[in-house]
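Heads up: the sequence lines are chains P and Y, in that order. Residues 312 to 545 (the working numbering) make up the first sequence, in order. Residues 2 to 567 (the working numbering) make up the second sequence, in order. Glycine included, each C-beta is placed from N, C-alpha and C at the ideal position. Take a look at the structure set out below.
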Amino acid sequence: MSMKLEQISLSVGSQTLIENVELFIEAGKVTSLMGASGSGKSTLLSYISGTLNHKIAGSGRILVNGQEVQDLPAERRKIGLLFQDALLFPHLNVGENLGFGLSSAVEKPHRRKKIQEALERAQLTGIYDKNPVTLSGGERSRVALMRTLLAEPDALLLDEPFSRLDEQIKQSFREFVFETAMEKNIPVLMVTHDIQDTQVAQSMSGGPVFMLEQQQIKPLGNDDMTQTNTRRVQ
Amino acid sequence: MNKTATQLIFISVFVLPMLAAAGGMLIPAFGIITLGQWQAPSLSAWINLTDTPGLGQSSLLSISSGLVATIISVVLSQAFVARRYSKGSSKGFDSLSRFLLAAPHVSVAVATAFLLAPSGWLVRLLSPWMTGWERPADYLLPNDPWAGALILGIVMKELPFMLVVSVAAINQIKPKPLLDTCQSLGYSFAQSWLFIIVPGIYKRIRLPIFIVLAFSVGAVEQALVLGPTQPPTFSIKLMQWFSDANLSSQGTLAAGSLSLILLTFLSFIVWRLLEIVITWLYKMRVSRGQRQLFWAPVLWSISYIAGLLIIIAVVSVAMLSVLSFTQGWRFPTFLPEHWSFAVWDSNIVLLLPALSQTLLLGVTAAILSVSLALVCLEMGQSDRFFEVYGKWWLFIPLFTPQVSLLFGLSLGWTLMRMDGMWLTVLWSHLIFCLPYAWLMLGDSFNAIDSRLIASARTLGASQMKTFFVIKVPLLKQQIANALALSFLVSASLYLPTLFAGGGRFSTLTIETMALAGSGDRRVLGALTLVQLMLPFIALLLAKWLPRIRLSHLRANESADTAGAMN
Numbered sequence: 312m313s314m315k316l317e318q319i320s321l322s323v324g325s326q327t328l329i330e331n332v333e334l335f336i337e338a339g340k341v342t343s344l345m346g347a348s349g350s351g352k353s354t355l356l357s358y359i360s361g362t363l364n365h366k367i368a369g370s371g372r373i374l375v376n377g378q379e380v381q382d383l384p385a386e387r388r389k390i391g392l393l394f395q396d397a398l399l400f401p402h403l404n405v406g407e408n409l410g411f412g413l414s415s416a417v418e419k420p421h422r423r424k425k426i427q428e429a430l431e432r433a434q435l436t437g438i439y440d441k442n443p444v445t446l447s448g449g450e451r452s453r454v455a456l457m458r459t460l461l462a463e464p465d466a467l468l469l470d471e472p473f474s475r476l477d478e479q480i481k482q483s484f485r486e487f488v489f490e491t492a493m494e495k496n497i498p499v500l501m502v503t504h505d506i507q508d509t510q511v512a513q514s515m516s517g518g519p520v521f522m523l524e525q526q527q528i529k530p531l532g533n534d535d536m537t538q539t540n541t542r543r544v545q
Numbered sequence: 002m003n004k005t006a007t008q009l010i011f012i013s014v015f016v017l018p019m020l021a022a023a024g025g026m027l028i029p030a031f032g033i034i035t036l037g038q039w040q041a042p043s044l045s046a047w048i049n050l051t052d053t054p055g056l057g058q059s060s061l062l063s064i065s066s067g068l069v070a071t072i073i074s075v076v077l078s079q080a081f082v083a084r085r086y087s088k089g090s091s092k093g094f095d096s097l098s099r100f101l102l103a104a105p106h107v108s109v110a111v112a113t114a115f116l117l118a119p120s121g122w123l124v125r126l127l128s129p130w131m132t133g134w135e136r137p138a139d140y141l142l143p144n145d146p147w148a149g150a151l152i153l154g155i156v157m158k159e160l161p162f163m164l165v166v167s168v169a170a171i172n173q174i175k176p177k178p179l180l181d182t183c184q185s186l187g188y189s190f191a192q193s194w195l196f197i198i199v200p201g202i203y204k205r206i207r208l209p210i211f212i213v214l215a216f217s218v219g220a221v222e223q224a225l226v227l228g229p230t231q232p233p234t235f236s237i238k239l240m241q242w243f244s245d246a247n248l249s250s251q252g253t254l255a256a257g258s259l260s261l262i263l264l265t266f267l268s269f270i271v272w273r274l275l276e277i278v279i280t281w282l283y284k285m286r287v288s289r290g291q292r293q294l295f296w297a298p299v300l301w302s303i304s305y306i307a308g309l310l311i312i313i314a315v316v317s318v319a320m321l322s323v324l325s326f327t328q329g330w331r332f333p334t335f336l337p338e339h340w341s342f343a344v345w346d347s348n349i350v351l352l353l354p355a356l357s358q359t360l361l362l363g364v365t366a367a368i369l370s371v372s373l374a375l376v377c378l379e380m381g382q383s384d385r386f387f388e389v390y391g392k393w394w395l396f397i398p399l400f401t402p403q404v405s406l407l408f409g410l411s412l413g414w415t416l417m418r419m420d421g422m423w424l425t426v427l428w429s430h431l432i433f434c435l436p437y438a439w440l441m442l443g444d445s446f447n448a449i450d451s452r453l454i455a456s457a458r459t460l461g462a463s464q465m466k467t468f469f470v471i472k473v474p475l476l477k478q479q480i481a482n483a484l485a486l487s488f489l490v491s492a493s494l495y496l497p498t499l500f501a502g503g504g505r506f507s508t509l510t511i512e513t514m515a516l517a518g519s520g521d522r523r524v525l526g527a528l529t530l531v532q533l534m535l536p537f538i539a540l541l542l543a544k545w546l547p548r549i550r551l552s553h554l555r556a557n558e559s560a561d562t563a564g565a566m567n
């Protein structure tokens, strides 16, 4: 499995956000994308996932496992998207949120089993009937990840998924996300501001790190990352 | 959802009638159709119109009563919300305001008439111990020539509306840090509120103010019950012409309808000039640094007047309802001497068909308008047609005098041979219910976190499944409120039922208006009570229905059903 972006351009009115960007995202690896606020990182994820606001113009090819998906509606692209806020549906309980991710092809007797397995995998047994509002930030994030994975995506997009979590939960959840993605052998594109996220992603999965600036995506070497880290610390 | 089909539905339900209404006024007004024949354009209809005696006075009455009623409503509401904020929320007054807001215009108008009449309960309250009157005095209230009663009636109905929109604006502003800063700079609460918070509120309630102004200038129900008669306001003059209309006077009627629209726009211009003057005065004062203490007594005095007016309005409506259980109520006794159900027994035949027609029209119009508003809003998120053009069409019925719009529409219905049909009445109700449903749902609909929707879509949910399984359940309270509001709008519509139905359909509002001029007050009381029960039930249902958890519609199963939709 892999995901390839070809000649991607995004613009709002006359303002160009991204121009002719190319990117290859390998299966089982977490590719990191850094960049300043407003540089268009999250907009790029919206274009890839098919949820781009109609005021933003986008063009270019998106290939998932060699298949072009850019003209498909979001629900048929099979590209999972995880945000910094867990964004569980507030009117559904945990089990129902997970059930929402499952395909309707999974028959009724197996649905609950699959959901329970997902909860066990996320070490969250016993919260099936809970209201998402009562969960901790870490628990909500895990449920959101499992919901995304239950939809069996061919690729996964992470939009700063760890930025709202406190340090201790962040570490364990980050490792859990990367491990799960590697285990599922799906390509992952992570947008982040946090250099630590990219370092962990690189050390765990061997995925490359890119920087989005001046409408272009450029690979970031270890020296650049050290500099970025130093600038951030300063 | 098919965009083209939705656009077509919206255009045929809403846009075409607006164009037909414009054509229905413009074509006869310029003599292009006279006595059913096509003619060369002429200005004879306008010349006939200007020759009408008392036209200038009627125009002046319409504009002045509309402007004065709107100014009073805005001033009272701003003072009242300041007081409300300084004292924390006032649940009692909030409930009373909601009660008045839900009460049909005609009920409040009839109640105001009963309050002010020579044998009304205000005089009874003060007689004979204060006034010395043993029999009803001979004074001209309501229907005074200066439109005082009309202004009071409009204020009683519009003040609660201004309060509700102002409270919503305050919730958006979050005034505490601003007030804290002002007060730390040495300004009193009242001055801080007036100088810093009111401009913020005003910016947010400007649109509702113009809606109130347009409504007040073209008011019909209140003007029929409370307005002057010699001469009447412009809208009532139009109504009178409409009732005596023959084919030859259609041009004059059309010119009159257009003139009422022009009068409304003239009142907008006057309001804009007032805004400019007040802004200039405000700018002069605000940066002078004067810490003035007199604002507090001024503001609090006005707020007490507002509170008193709300109480009087509620009591008036309640007193009118009480009338239906009386039998003999001699002047000047304050409370009825004998109680009876006789009015209910003898008028049940009148009430039941009117009630069932009101319910049928109201429920159908509410369901259709809320459904259409939801579909248009959903389309608006992916389609420029609805985002850019849709909402502006919706505001036309809110800014145009009903009598003018309906005159224009009635010509179109007659040409299509649709006048007097139930479906036409429903259509006319939809035109007035849809804008309210859209306004009620719009902000909440667009405020749904777009990432929540993106999550659903990337989990494989189609637009339709996302709409039904995520958006609709998230908005169930707002949808219930919009249904209740649309129902109430429909139940209170007088002119659309009259014009589109050709007098063939009896609703509670139609019956109330028919009796308002000369009918038995006790029957009016019974009609008012039934009309007041409808909002009460509708709002109760709106509160209670969304709490039902439809467990079989929840996610696991919805995934199955929605799979079929994909």
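Whole-angstrom C-beta distance between residue j and residue i, which should lie under 8 Å
i, j, result
"Pro1(Y)", "Pro129(Y)", "Examination of residue 1(Y) is not possible in this model, given that chain Y is present from 2 through 567 alone."
"Leu344(P)", "Val502(P)", "5 Å"
"Leu399(P)", "Leu468(P)", "Not a contact, Cβ separation roughly 18 Å."
"Gln403(Y)", "Gly219(Y)", "6 Å"
"Gly361(P)", "Gln318(P)", "Not a contact, Cβ separation roughly 17 Å."
"Phe335(Y)", "Arg125(Y)", "5 Å"
Beta carbon of residue i nearer than 8 Å to that of residue j
i, j, result
"Leu412(Y)", "Gly257(Y)", "no"
"Thr529(Y)", "Val111(Y)", "yes"
"Leu227(Y)", "Leu116(Y)", "no"
"Ser516(P)", "Phe489(P)", "yes"
"Gly503(Y)", "Gly421(Y)", "yes"
"Glu338(Y)", "Trp345(Y)", "no"
"Ile206(Y)", "Ser268(Y)", "no"
"Lys352(P)", "Pro498(P)", "no"
"Ala366(Y)", "Ser491(Y)", "yes"
"Ala314(Y)", "Met514(Y)", "no"
"Ile210(Y)", "Ile174(Y)", "no"
"Tyr439(P)", "Leu446(P)", "no"
"Leu409(P)", "Leu461(P)", "yes"
"Thr159(Y)", "Ser74(Y)", "Correcting the residue type first, residue 159(Y) is Glu in the shown sequence and not Thr. Contact: yes."
"Gly518(P)", "Arg475(P)", "no"
"Pro200(Y)", "Gly55(Y)", "no"
"Glu512(Y)", "Ala343(Y)", "no"
"Ser302(Y)", "Arg84(Y)", "no"
"Ala438(Y)", "Ala501(Y)", "no"
Option in the options with minimal Cα separation from residue i
i, options, result
"Leu321(P)", "Ile367(P), Ser348(P), Ile359(P)", "Ile367(P)"
"Ala492(P)", "Ile359(P), Glu379(P), Lys352(P), Ile390(P)", "Ile390(P)"
"Leu351(Y)", "Leu56(Y), Phe506(Y), Thr53(Y), Ala118(Y)", "Phe506(Y)"
"Trp122(Y)", "Leu186(Y), Pro137(Y), Leu179(Y)", "Pro137(Y)"
"Gly479(Y)", "Ile262(Y), Leu275(Y), Ala374(Y)", "Position check: residue 479(Y) holds Gln in this sequence, whereas Gly was assumed. That would be Ala374(Y), whose Cα lies nearest to the Cα of Gln479(Y)."
"Trp414(Y)", "Lys4(Y), Gly24(Y), Thr7(Y)", "Gly24(Y)"
"Leu17(Y)", "Val376(Y), Met417(Y), Ala517(Y)", "Met417(Y)"
"Val316(Y)", "Ser60(Y), Phe94(Y), Trp39(Y)", "Phe94(Y)"
"Ala481(Y)", "Ile471(Y), Val109(Y), Leu541(Y)", "Leu541(Y)"
"Val82(Y)", "Leu516(Y), Ala314(Y), Ala191(Y)", "Ala191(Y)"
"Ala319(Y)", "Phe387(Y), Ile306(Y), Arg523(Y)", "Arg523(Y)"
"His402(P)", "Asn442(P), Pro384(P), Asp396(P), Asn376(P)", "Asn442(P)"
"Val287(Y)", "Leu261(Y), Leu362(Y), Asn172(Y), Ser193(Y)", "Ser193(Y)"
"Glu337(P)", "Val520(P), Glu524(P), Gly346(P)", "Val520(P)"
"Ile538(Y)", "Ala170(Y), Gln38(Y), Gln40(Y), Phe100(Y)", "Phe100(Y)"
"Ala46(Y)", "Gly187(Y), Ser260(Y), Phe387(Y)", "Ser260(Y)"
"Ser322(Y)", "Ser43(Y), Thr5(Y), Gln40(Y), Ala104(Y)", "Ala104(Y)"
Cβ-heavy atom distance, residue i to the ligand COA, below 7 Å
i, result
"Leu275(Y)", "This structure does not include the ligand COA; it has no bound ligands of any sort."
Is the segment 259-279 of chain Y touching the segment 68-77 of chain Y, taking contact as three or more C-beta pairs under 8 Å? yes
Report task. Jot down the residue ranges of each uninterrupted beta strand (DSSP E) in the segment 489-513 of chain Y, minimum 3 residues, whole runs only, in chain order. Result -> none
At 4 residues or longer, and completely inside the segment 101-158 of chain Y: list those alpha helix (DSSP H) runs for me, N to C.
-> 106-117, 122-127
Q. Would you call the segment 462-476 of chain Y and the segment 437-454 of chain Y in contact, with 3 or more CB pairs under 8 Å?
A. yes
| said: Quick check on the DSSP output: what are the complete alpha helix (DSSP H) runs of length 4 or more inside the segment 342-395 of chain Y, in order along the chain? | reply: 343-381
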